[in-house]
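Per the working numbering, residue 1 is the first one in the sequence shown, and the count goes up by one each step. Using N, Cα and C, we set each Cβ at its ideal position, and we do this for glycine too. Owing to the predicted nature of the structure, the values given are computational and were not obtained by experimental measurement. One structure is given below, encoded as structure tokens.
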Amino acid sequence: MPEVTVAPGDTATTGLTVRNDSDIVEAYSLEVVGDCASWATVEPARVSLYPGTSETVTVRLEPPRSPEVRAGAVPLGVRVLPAEHPESVRVLETTVHVGEFRELRTELAPRRRRGWLRGRYRLAVRNQGNAPVEVGFTAGQPGEELGFAFSPDKRKLEPGESAEVGLRVRTGKPVWFGTPVVWPFTVDATETGERDEPRPEESAVRAPLDAEFVQIPIFPRWLLVVLAALLALLLAWFTLVRPAVRSAAKEAANEAVQPRPAPAGEQEGAGQTPGAGARTGTGTGAGTQPGGGGTGAAPGTGGEGTAPGDGTALGGGLQSAHTIDVQTSGGETKTGTYRVPKGSVFGVTDIVVANFQGDEGLLTITFGDRKITTIALETFRNQDYHWVTPIKVPENDTVTVEVTCEKPGTPANGRRSQGCHEVMNVSGVLSGITQ
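So, in structure tokens, the structure goes:
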């Protein structure tokens, strides 16, 4: 078969002649193999020939306009399989030269940005062609008020590859007051490397992307109104309110220091010498004997505790906390316990369970013969329980933690642990009892 040249999106054909050199009637199946198989067909795909005859079939090539079909030489093979003599199968080979096409797709986000002096944009570019390209990025505006910086300013893209480029737009002067100023500009991505002459259908100029930078004023318009109102209030204070307040305060002070005329009764007694008046003491002292007014309880009455001998907790008690540490190998079950001392009652009010490795399995908490809870280890890292009314654990009973390790977790060092490790802190009031 001769070599074939085809452009992506177009169709090309070549011929293949099949001849029957055997002495029997033979049927031949034809199939395209190789990298061209997905976009090449044989027409017809099966021929029957008498001995000594031949027939020419058509190989149709239709490569899609896609970056998946790379430009360049692509091997083409056609397998000819005889039905009666499959051992005589042959593969005829040639080369298909796939033409090159260029296509860039760009997108700018956001198209409109607000800021005092600068704005940031993201330019996404994708190589939709079937050959590597080096892309450069440019931006422009009608004036020279804006400055542009791309990061990076160039990028090489393989067929089908996408990249994101940062664009920073900056103005030279701030807008102090007034309304926002809109600065339109354009962004374009162009090929910077050498390439062959473009095909006629590729000669159309791709329109650049339009965008805007809205420069907002440093001080908004409403701030001017507020400042004007504050200035008016200050002027009113210093010119009207403050003098009136000072005058009223001065008049009040003068009125306070003027002497007032005394009442008639006070004027008559004003001439009496000290001690000549009536005595003011009643003579009925309020003295009480020590302890006479006491209402305290008589000796021998108890506080909040119950009388000795009833077997319950005495009043008060001490806060107590205990830690139960359980380490278990994978697939095993182990328990950790705390036993209440003899002659004491442990009133449990708080439990905190730590699964700091992220182990998987089951954890069961039991107070004596009472099962409090069973929880799956994978559902928590730290779990706490609190009771307003303490749960009392009698003397010689135990607070038990049973751990079944299904799968050890990974601690903070990043290396998977060899076993499960759980810690429970139980706290409450440890009270004494009398028998």
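Excluding five sequence neighbours on each side, which residues of the same chain lie with their C-beta closer than 8 Å to the C-beta of residue 474? Here the chain covers residues 1 to 435 and nothing more, so residue 474 does not appear.
Work out the CA separation of residue 328 and residue 128 for me, nearest whole Å. Computed Cα separation, rounded: 57 Å.
Taking only the alpha-carbon atoms, compute the straight-line gap between residue 325 and residue 342 and give it to the nearest angstrom. Cα to Cα, the separation comes out at about 22 Å.
Is there contact between the region 119 to 128 and the region 90 to 97, where contact requires at least three CB pairs shorter than 8 Å? The answer is no - the region 90 to 97 does not touch the region 119 to 128, with fewer than three Cβ pairs under 8 Å.
Measure the C-alpha to C-alpha separation of residue 310 and residue 381 and round it to an integer number of angstroms. Residue placement at residue 310 is flagged as unreliable, the pLDDT there being 37, under the threshold of 50; the coordinate-derived value follows with that caveat. Rounded to the nearest angstrom, the two C-alpha atoms are 43 Å apart.
On a Cα-Cα basis, can you pick out the residue from 242, 415, 114, 406 that is closest to residue 181? Measuring from the Cα of residue 181, the nearest candidate turns out to be 114.
Which residues in the same chain have their Cβ closer than 7 Å to the Cβ of residue 383, if we skip the five residues on either side of it in sequence? Around residue 383: 353, 375.
Applying the criterion that 16 or more other CB atoms from any shown protein chain within 10 Å of the CB defines a buried residue, is residue 439 buried or exposed? The structure shown does not extend to residue 439, since the chain is modelled only from 1 to 435, so the question has no answer here.
According to DSSP, simplified to helix, strand and coil, what is residue 93? The answer is strand: DSSP assigns residue 93 an E or B state.
CB contact flag (residue 209, residue 186, <8 Å): Inclusion of residue 209 and residue 186 in the CB contact set at 8 Å is warranted, their separation being smaller than that value.
Cutting at 6 Å between CB atoms, please list the residues of its own chain near residue 190, excluding the five before and the five after it. If we look at residue 190 and ignore the five residues flanking it on each side, its Cβ neighbours are 136.
Name the DSSP beta bridge partners of residue 163, please? Residue pairing by DSSP places residue 163 opposite 125 in a beta bridge.
Could you check which residue in 337, 420, 367, 415 has the C-alpha nearest to that of residue 377? For residue 377, the closest C-alpha among the options 337, 420, 367, 415 is that of 420.
Inter-residue spacing [alpha-carbon to alpha-carbon] between residue 345 and residue 422: In a straight line, the C-alpha of residue 345 is about 26 Å away from that of residue 422.
Please report the distance separating the alpha-carbon of residue 229 from that of residue 245. The alpha-carbon atoms of residue 229 and residue 245 are separated by roughly 22 Å.
When 192, 252, 367, 1 are compared against residue 102, the one with the closest alpha-carbon: The option with the nearest alpha carbon to residue 102 is 192.
Do residue 94 and residue 1 come within 8 Å of each other at the CB atom, strictly closer than that value? The answer is yes: Cβ separation under 8 Å.
Could you compute how far the alpha carbon of residue 331 sits from the alpha carbon of residue 319? Looking at the two C-alpha atoms, the distance is approximately 37 Å.
What are the boundary residues of the beta strand (DSSP E) that includes residue 32? In the DSSP assignment, residue 32 falls within the beta strand (DSSP E) that extends over 26 to 33.
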